[in-house]
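Chemist: The sequence shown lines up with residues 2 to 290 when you count with our numbering. A virtual CB, placed ideally from N, CA and C, is assigned to each residue, including glycine. Here the structure is a predicted model, which means the values were calculated and not measured.
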Amino acid sequence: MVRKEDLMKKILFIFLFLFGIVCFTNIQTSAASTVAKGKCGKNATWILSEDGVMHIKGKGILKGEKNGWNKYQYKIKKIVIGKGITIIKETALASMHNIKEIKLPNSVKKIENGAFMDCGKLEKINIPSTVNELPNNIFSGCEKIEQITLPKKLKKIGAYAFYKCKRLKQITIPKTVKHIGIGAFADSRLLKSIKFEEGSELEVIEQDAFCCCGIESIEIPEGVTFLTKGSFLECPNLHSAKLLNREKVTLEHNVFRGVADDFVLTIFDTTELCGVIEIPPEKINKIKE
2 MVRKEDLMKK
12 ILFIFLFLFG
22 IVCFTNIQTS
32 AASTVAKGKC
42 GKNATWILSE
52 DGVMHIKGKG
62 ILKGEKNGWN
72 KYQYKIKKIV
82 IGKGITIIKE
92 TALASMHNIK
102 EIKLPNSVKK
112 IENGAFMDCG
122 KLEKINIPST
132 VNELPNNIFS
142 GCEKIEQITL
152 PKKLKKIGAY
162 AFYKCKRLKQ
172 ITIPKTVKHI
182 GIGAFADSRL
192 LKSIKFEEGS
202 ELEVIEQDAF
212 CCCGIESIEI
222 PEGVTFLTKG
232 SFLECPNLHS
242 AKLLNREKVT
252 LEHNVFRGVA
262 DDFVLTIFDT
272 TELCGVIEIP
282 PEKINKIKE
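(1) Under the rule that 16 or more other beta-carbon atoms within 10 Å means buried, what is residue 34, buried or exposed?
(2) Name the DSSP bridge partner or partners of residue 81?
(3) Please report the residue range of the beta strand (DSSP E) in which residue 216 lies.
(4) Hey, how far is the Cα of residue 152 from the Cα of residue 203?
(5) Quick one: using the 10 Å Cβ neighbour count with 16 as the cut-off for buried, is residue 281 buried or exposed?
(6) Assign residue 26 to one of three DSSP states: helix, strand, or coil.
(7) Quick check: what's the CA-CA separation for residue 173 versus residue 197?
(8) Nearest to residue 54 by CA position, among 212, 36, 154, 233, is which residue?
(9) Which term fits residue 208, buried or exposed, when burial requires 16 or more other beta carbons within 10 angstroms of its beta carbon?
(10) Using only the alpha-carbon positions, how far apart do residue 241 and residue 38 sit?
(11) What residues in its chain sit with their C-beta under 8 Å from that of residue 254, if we drop five residues either side in the sequence?
(12) Out of 289, 134, 249, 183, state which residue places its alpha-carbon closest to the alpha-carbon of residue 233.
(13) DSSP on residue 33, reduced to helix/strand/coil?
(14) Which residue or residues does DSSP assign as beta-bridge partners of residue 187?
(15) Please classify residue 201: is it buried, with 16 or more other beta-carbons within 10 angstroms of its beta-carbon, or exposed?
(16) Do residue 228 and residue 256 have their C-beta atoms within less than 7 Å of each other?
Set out below in structure tokens:
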């Protein structure tokens with residue numbers, strides 16, 4: 002009986018010893034996986050692991066400068082922002098040259114100018130449904146983004162928001178968008194398809210908004226009454242455009258300059274074209290309602 006008890010004690014001792022080694026090894030491994038960490042806001046922190054993933058946690062504002070991760074930025078391949086962050090400040094994650102993916106939580110309500118600009122390897126990012134405005138230069142220079150889904154309640158696309166997004170191929174603009182800023186999609190040369198949701202509330206297309214894009218055809222929503230200078234300048238693949246406004250549309254210089262040779266502008270027979278009409282009459286197709 003004594004021998005049996007001794008045997009059980011030995012087995013228990015060996016088990017506890019081995020369990021302790023495993024726990025200690027896991028702790029060491031976990032500690033070793035952390036490359037660096039720091040603060041990135043009053044109530045926000047970041048931690049970078051060896052696998053190239055940086056987690057940002059906390060509440061409130063993710064600040065835009067002096068976050069301490071600059072000297073590690075070439076190791077960062079993915080950023081995961083945790084629930085609780087509500088504002089991403091200007092250029093907070095700009096020029097992160099090796100980032101391929103950014104995950105944003107639905108707690109984010111505001112993103113400021115240039116937040117992700119010049120992230121040249123960024124391929125994948127989600128824009129939370131809680132964001133209703135894309136600021137200036139948000140994705141400017143993000144050359145590897147091929148597609149992106151815009152929030153359903155988006156109201157404004159800022160200036161140069163998608164400037165030089167060279168691999169962006171198509172975009173669907175939610176019906177709630179009322180304003181597209183200067184050069185918003187300029188120089189996105191593979192952008193062939195731009196679709197406005199049915200019932201679009203769009204009113205303003207700013208200067209050079211779609212300049213130097215690859216678009217082939219477009220229907221411009223009914224609420225647009227003014228096409229500013231160079232809106233579709235140097236879009237050599239643009240074969241057709243249709244104005245859905247049935248009353249009056251004013252054109253500035255070079256709206257459709259540099260489009261395809263066989264370009265045709267279609268308007269309703271009730272539509273009055275005003276301003277600088279640089280399109281030859283034979284290129285304007287009038288249709289009945």
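Modeler: Let me lay it out:
(1) exposed
(2) 56, 104
(3) Residue 216 -> no beta strand (DSSP E), and no H or E assigned at all.
(4) 15 Å
(5) exposed
(6) Reliability of the predicted coordinates at residue 26 is poor, the pLDDT of 39 falling under 50, and the value obtained from them is presented with this limitation in mind. Here residue 26 sits in helix by DSSP.
(7) 6 Å
(8) 36
(9) buried
(10) 53 Å
(11) 230, 231, 277, 279
(12) 183
(13) Residue confidence for residue 33 is low, a pLDDT of 42 falling below 50, so the modelled location carries little weight; the figure read from the coordinates is stated next. Helix.
(14) Bridge partners of residue 187: none, in fact.
(15) buried
(16) yes
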